[in-house]
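Asker:
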Amino acid sequence: MSGFKPFDPSSGGGGAGTGQGFIDYNDTSTTATPLVLSSDIWTTIPNDGLGAFSNDTYKPAGVTEL
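Note that the numbering used here gives residue 45 to position 45 of the sequence shown, counting from 1, and the numbers run on in steps of one.
1. Between L37 and the rest of its own chain, which residues show a CB-CB distance below 7 Å, the 5 nearest in sequence each way excluded?
2. N55 to T31, Cα distance in whole Å?
3. Using the three-state DSSP reduction, which class does D56 fall into: helix, strand or coil?
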């Protein structure tokens, strides 16, 4: 595996130094009124980021929000 590096807990995590990371936003806006999806109809999927499991702890370096 070229480029594979074992986990290093002192590295700062979140892809520190690699330009990698993630942000996971979870939505609450569709809790009371779920979306209805129809075939061949463009639907914008909302995501307010207010869900209990939203996680922005491991943002890539230089990223503040998506």
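No residue lacks a Cβ here, since even glycine has one placed at the ideal position from N, Cα and C.
On a predicted model such as this, the values are computed, not experimentally measured, just so you know.
Answerer: In short:
1. Taking the first residue of the sequence shown as position 1, residue 37 is located at position 37. Answer for L37: T43, listed in chain order.
2. For the purposes of this step, residue 55 is taken as residue 55 along the sequence shown, with counting starting at 1. For the purposes of this step, residue 31 is taken as residue 31 along the sequence shown, with counting starting at 1. So the two alpha carbons sit approximately 19 Å from each other.
3. As a first step, residue 56 is located in the sequence shown; it is residue number 56 there, counting from the start. In this structure, D56 counts as coil in the three-state DSSP scheme.
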